[in-house]
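Written out below as structure tokens is the structure these notes cover.
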Amino acid sequence: MNCSATLRAITLICSCLIFLGSCDSVLTEETSSAERASSEVLSSSATIDAQIKSQVESAIANADDLPSGFTVEVNEGMVLIRGSVVCEGCGGLRTPGNVGSIQQSLGAIVRAVAGVMSVEFSLSYSD
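Using the UniProt record's numbering, count along the sequence shown one by one with no gaps and you end on 127.
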């Protein structure tokens, strides 16, 4: 092998190494960018869920015809309501005082909150 061929071979190898090295940094940057975007989405989702939870709790607290003491959990817009629907003083003009209509009223109030995708209940029907 002559000197010129050796020099071309070394140049080719160095060029390939530089090219491969630059590809790795591009992939690393893309991966890092994707990880940041995923983290931002999770953070944004948690913030939105916290806002929905606050609005649902406020709406329930402001409803005169519902019992108190419900707990609210929100995950990606899906709301879970826990508590007892038994209430002697509930009902009135908007909701008769029976547990079925109290759950219906509760569901309607929660579904009216912006961002709520679905509502599930884990309710107690006895004291």
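Just so it is clear, CB atoms sit at the ideal spot from N, CA and C, and this is done for glycine as well.
Query raised in the report: Helix or strand or just coil, what does DSSP make of Gly107?
Result: Taking the first residue of the sequence shown as 1, we reach residue 107 at position 107. Helix, per DSSP.
Query raised in the report: Can you tell me the Cα-Cα spacing of Asp65 and Glu76, whole angstroms?
Result: One-based indexing of the sequence shown puts residue 65 at position 65. One-based indexing of the sequence shown puts residue 76 at position 76. Distance between the alpha carbons of Asp65 and Glu76: 28 Å.
Query raised in the report: Based on Cα-Cα distance, which residue from Ala9, Pro67, Ile48 lies nearest to Ala114?
Result: For the purposes of this step, residue 114 is taken as the residue at position 114 of the sequence shown. It is Ile48.
Report task. Return the residue from the list Val56, Ala50, Ile10 that minimises the CA-CA distance to Ile81. Result -> Residue mapping note: residue 81 aligns to position 81 of the sequence shown, counting from 1. Ranking the options by Cα distance to Ile81, first place goes to Val56.
Query - Whether Val74 touches Lys53 by CB criterion (9 Å) - result: What you label residue 74 is simply residue 74 of the sequence shown in a count that begins at 1. What you label residue 53 is simply residue 53 of the sequence shown in a count that begins at 1. Going by C-beta atoms, Val74 is nearer than 9 Å to Lys53.
Query - Contacting residues, own chain, Cβ-Cβ under 6 Å from Met117 (five flanking each side not counted) - result: Taking the sequence shown and counting its residues from 1, the one referred to as residue 117 is at position 117. Counting only Cβ-Cβ distances below 6 Å, and skipping sequence neighbours, we find Gly77, Met78.
Report task. Just mark Ser105 as buried or exposed, buried being the case when its beta carbon has 16 or more other beta carbons within 10 Å. Result -> Translated into the one-based positions of the sequence shown, residue 105 becomes position 105. The residue in question, Ser105, is buried, as its Cβ has 16 or more Cβ neighbours within 10 Å.
**Report entry** Terminal residues of the beta strand (DSSP E) in which Ser122 lies
**Finding:** Position 122 of the sequence shown holds residue 122. Taken as a continuous stretch (DSSP letters only), the beta strand (DSSP E) holding Ser122 covers 118 to 124.
Report task. Could you tell me the distance, in whole angstroms, from the CA atom of Pro67 to the CA atom of Ala46? Result -> As a first step, residue 67 must be located in the sequence shown, where it is residue number 67. As a first step, residue 46 must be located in the sequence shown, where it is residue number 46. The straight-line gap separating the alpha-carbon atoms of Pro67 and Ala46 is approximately 28 Å.
Query raised in the report: Per DSSP, Val74 forms a beta bridge with which residues?
Result: Position 74 of the sequence shown, counted from the start, is the residue given in the question as residue 74. For Val74, which the question treats as bridged, DSSP gives the partners Val79.
Report task. Using the Cα positions of Gln71 and Ala50, report the straight-line distance between them to the nearest angstrom. Result -> Numbered from its first residue, the sequence shown carries residue 71 at position 71. Numbered from its first residue, the sequence shown carries residue 50 at position 50. The identity of residue 71 in the sequence shown is Thr, whereas the question assumes Gln. About 13 Å.
Report task. Please go through the same chain and pick out, in chain order, the residues whose beta-carbon is closer than 6 Å to the beta-carbon of Gly107, but skip the five residues on each side of it. Result -> Residue numbering aside, residue 107 sits at position 107 when the sequence shown is read from its first letter. The beta carbon of Gly107 sits closer than 6 Å to the beta carbons of Val119 from its chain, once the five residues preceding and following it are set aside; these are given in chain order.
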